[in-house]
Amino acid sequence: QVPFFLVEFKGEYHFLQKKIDDVLIYWPGENFSINIFNPGKANPMIHAERVFDILKSGKFIDESSEFSPQMEKVLVEILTKVCKSKKFQNWEGFEYYCEWYLRENKRHIPMLNQTLISIKNRIRRFSKGPLKALFEDNDFPNVQDLFKKNILLDLSSIILFKYDFKIFVG
15 QVPFFLVEFK
25 GEYHFLQKKI
35 DDVLIYWPGE
45 NFSINIFNPG
55 KANPMIHAER
65 VFDILKSGKF
75 IDESSEFSPQ
85 MEKVLVEILT
95 KVCKSKKFQN
105 WEGFEYYCEW
115 YLRENKRHIP
125 MLNQTLISIK
135 NRIRRFSKGP
145 LKALFEDNDF
155 PNVQDLFKKN
165 ILLDLSSIIL
175 FKYDFKIFVG
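The numbering used here numbers the first residue of the sequence shown as 15 and each following residue consecutively.
Right, here's the structure in full:
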């Protein structure tokens, strides 16, 4: 049997727990969260690029909100700093490095303060909004272990979509 990881948005797949042995159901903020700033064994710079790409390509960032090349550069550089420092791998660390980045680079990067405001606005729902519970600092088991079990991640409590949207990994 191949383990599966199902992400759902409507809470309609709970019946799988009765049909398949050992299905675990996780709810963000209750018994599941992911520290997106922890690169694990990956290079922090590569991990920061991946986090940016996931946020952008997954339409987690508002589709109508584009990232300028300067915004992308600044965000990835800040994410890299956050990912490198175990002590700062959380949203408070992200805020800390935003302020640090501004102090260190405001003379070299035009409109940096406005760039940082724009970045923070685009990621606000992750850092302060309804998705914060999913992307909190955590003690959750290794992400690799998730793919060895039958997992149902129920996002219905934090997000509602217009479309019947499901992601299957397995």
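For each residue, glycine too, the CB sits at the ideal point set by N, CA and C.
- In this structure, Tyr110 places its C-beta atom within 9 Å of the C-beta atom of Phe102.
- In terms of Cβ geometry, Val88 and Ile50 do not form a close pair [threshold 9 Å].
- Considering only Ile123, Lys33 and Glu44, the residue with the shortest C-alpha distance to Pro83 is Ile123.
- Looking at the DSSP output, Leu38 sits in a beta bridge with Ile165.
- Listed as beta-bridge partners of Glu22 by DSSP are Asp168.
- Here the alpha carbons of Asp36 and Arg64 stand approximately 31 Å from one another.
- Your pair Leu20 and Tyr27 checks out as a contact, with CB atoms roughly 6 Å apart and the cut at 8 Å.
- Taking all protein chains shown into account, Lys95 has 16 or more neighbouring C-beta atoms within 10 Å of its C-beta and is therefore buried.
- Ser141 is not a Cβ neighbour of Pro42, given a cutoff of 9 Å.
- According to the DSSP secondary-structure assignment, Phe29 is paired through a beta bridge with no residue.
- In the same chain as Leu166, and ignoring 5 residues on each side of it, the C-beta atoms closer than 8 Å to its own belong to Leu20, Glu22, Tyr27, His28, Leu30, Gln31, Val37, Leu38, Ile39 and Tyr40, in chain order.
- In the three-state scheme derived from DSSP, where H, G and I count as helix and E and B as strand, Phe51 is classed as coil.
- Beta bridge pairing from DSSP links Phe46 with Pro42.
- Glu80 and Asn127 have their C-alpha atoms some 17 Å from each other.
- Counting along the chain, Ile133 sits inside the alpha helix (DSSP H) bounded by residues Leu126 to Ser141.
- By the 16-neighbour rule on beta-carbons within 10 angstroms, Gly25 is exposed.
- If you look at Ile92, you'll find it in the alpha helix (DSSP H) that goes Pro83 to Lys98.
- Counting every other CB atom within 10 Å of its CB across the protein chains shown gives Gly54 a total below 16, marking it as exposed.
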